[in-house]
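1 is the number of the first residue of the sequence shown in the working numbering; add one for each residue after it. Note that the Cβ used here is the ideal one computed from N, Cα and C, for glycine as well.
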Amino acid sequence: MIGILHAIVLESASPEELAKFYQQILGGEVFVEDDGWVELVSADGDPRLSFQLSPGHIPPVWPGDDGDQQFHLDIHVDDLAVAHDALLAVGARPVDRPDGKITGFRVYLDPSGHPFCTVD
Numbered sequence: 001m002i003g004i005l006h007a008i009v010l011e012s013a014s015p016e017e018l019a020k021f022y023q024q025i026l027g028g029e030v031f032v033e034d035d036g037w038v039e040l041v042s043a044d045g046d047p048r049l050s051f052q053l054s055p056g057h058i059p060p061v062w063p064g065d066d067g068d069q070q071f072h073l074d075i076h077v078d079d080l081a082v083a084h085d086a087l088l089a090v091g092a093r094p095v096d097r098p099d100g101k102i103t104g105f106r107v108y109l110d111p112s113g114h115p116f117c118t119v120d
């Protein structure tokens, strides 16, 4: 092993707002390091979600068959339907799956347009 995953970094035109969005979903504590760097740290510390200021951020496209989407987060939930309602309440935007199904996982966009999934 060479190293340990320390952080997953998302770019955003509004990094503090995006950190607070994910805090509502995942818990943890938000730390504003400076004008362009914000971290969401869980109780156990690592890995953390970090948010970097990117004024020209262009959201990825989902599904991104032509290279637009580079990665996404999968968030485990106990109940997809309950999580769906809670995510809508905090500002997540649902995205239709290409296969049209709503079982197994659901896809959303965060306020900066990054895709993420809930999985059960």
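CA-to-CA distance, D34 to H114, given in whole angstroms: Here the C-alpha atom of H114 lies approximately 22 Å from the C-alpha atom of D34.
Could you name the residues of the same chain whose beta carbon sits closer than 6 Å to that of L10, not counting the 5 residues immediately before and after it, in chain order? Here the set comprises F51, H114.
So, with DSSP's three-state summary, where would you put F21? helix
What does DSSP give as the partner residues of I8 in its beta bridges? L49
In the DSSP assignment, what residue or residues form a beta bridge with E39? F31, S50
Of the choices P111, P59, L49, L109, whose alpha-carbon is the least far from that of G27? L49
Quick one, are the C-beta atoms of H84 and A13 less than 7 Å apart? no
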